[in-house]
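Beneath this line is the structure, given in structure tokens, with notes to follow.
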Amino acid sequence: MERTEEDDLLWQQLKTLPAFRALLRAVEARFFAHLPLPDPLLDVGCGDGHFAQMALPGRTITAGIDPWWRPLNKAVRAGNYGLPIQALGDRLPFPKHYFAAAFSNSVLEHIPDIQPVLNEVGRVLQPDAPFVITTPSQFFADYLGGGALLDRLHLGGPAGRYRDFFNFISRHAHTDSPQTWAERLAAAGFAVERWQYYFSRGALRALEMGHVQGLPSAALHALTGHWIIAPWQSSLGPTERWLRPFYEEEASLDGGAYLLLIARKVADRPIAATLPPPRPLSVAEPRPA
């Protein structure tokens, strides 16, 4: 795959985030090159706005909502949202049918009572509007290397506790199947048009190892507000070479640690849940006109 340091999403993420997070966010940001998201556009759980800056460069997103002021304040300063608003997902301060599209990147899995949020997103989206979601799948815990090692040692109890701990530190309230998400979305008036797994077992284990390697970055961020102190190719090169194969891997039809769901607003009421066969986006698939 031809690439340059300047335009490559993996490099951009590595320069600004710990390696484990950079890999995942680079894979997710690449999806957005394939997805038409018309204005007005809503980012559900925008956080500090970093992901949107990388995934939709140069674009001012109509509105971003987040319940937490500290990361939202960074999004305000970054200036890539027309309306950065502190709000809860189940109480969106917008009129019915206001937005033409919405996305939520690695957010919904953190919300215990998710259905009211999906219902509210459905309320503010126009008919036929797309809603793009990325979230951990039902395979997330099973793919963890630490749990697999403990299973091989016939330590089922510690293996289960390790998986529970990793979900805890990841703040996961949901790691669910595409069918479960299709049912939730249908209850809010959405039909799943396209979906795929992404992030292989090996990619997740790289992320898992990166949590430990990212501890110095966490300390640096607490002190300075920056994750990376030396964002240069010479210092990041070994990490980039380690992660590059996972970034460039094609998605599997059979499983992945995460899900991409592309849903469409069909009705202002619940509909019957349907789930088409998985149809992964190709790494080389062109941007739509």
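Mapped onto the working numbering, the consecutive letters of the sequence shown carry residue numbers 263 to 551.
Glycine included, each C-beta is placed from N, C-alpha and C at the ideal position.
Keep in mind that this is a model prediction, so the values were computed, not measured.
| Query | Result |
| --- | --- |
| Bridge partners - L387, DSSP secondary structure assignment | F361 |
| Nearest-angstrom Cβ-Cβ length linking T442 and A403, presumed shorter than 8 Å | Contact flag wrong, Cβ pair sits at about 15 Å. |
| Completely contained alpha helix (DSSP H) runs for the stretch 313-341, where each covers 4 or more residues | 331-340 |
| Alpha-carbon spacing of L406 relative to P420, whole angstroms | 13 Å |
| Straight-line Cα distance separating P374 from R446 | 13 Å |
| Three-pair Cβ contact test at 8 Å for the stretch 416-433 versus the stretch 450-467 | no |
| Local conformation of Q458 per DSSP, three classes | strand |
| Touch test, the stretch 362-380 against the stretch 334-348, Cβ-Cβ under 8 Å, three pairs minimum | no |
| Same chain, Cβ closer than 6 Å to E455, five either side skipped, listed in chain order | I524 and R526 |
| Where the beta strand (DSSP E) through R526 begins and ends | Y520 to K527 |
| Secondary structure of Q377, DSSP reduced to three states | helix |
| Outcome for R287 when other beta-carbon atoms lying within 10 angstroms are tallied against a minimum of 16 | buried |
| Residue from P357, N381, A465 and P319 whose Cα sits closest to the Cα of G518 | A465 |
| Under the three-state DSSP convention, the category I431 falls into | helix |
| Bridge partners - V394, DSSP secondary structure assignment | F365 and I524 |
| Residue range of the beta strand (DSSP E) that includes P346 | Y343 to Q348 |
| Backbone secondary structure at D305 - three-state DSSP | strand |
| Residue range of the alpha helix (DSSP H) that includes R283 | A281 to F293 |
| Which listed residue (Y460, I533, P355 and L537) has its alpha carbon closest to that of E510 | Y460 |
| C-beta contact flag for P302 and T324 at 7 Å | yes |
| Cα-Cα separation, S439 to V379 | 18 Å |
| Residue from L370, G320, Q275 and Q274 whose Cα sits closest to the Cα of G341 | G320 |
| Closer than 7 Å to chain C by CB, D438 | Here chain C cannot be found, since the structure has a single protein chain. |
| As assigned by DSSP and simplified to three states, the class of F401 | coil |
| Straight-line Cα distance separating A295 from G422 | 37 Å |
| For E512 and L522, the rounded distance between their alpha carbons | 14 Å |
| Burial state of G344 (16 or more Cβ within 10 Å) | exposed |
| Cα-Cα separation between G309 and D390, rounded to whole angstroms | 26 Å |
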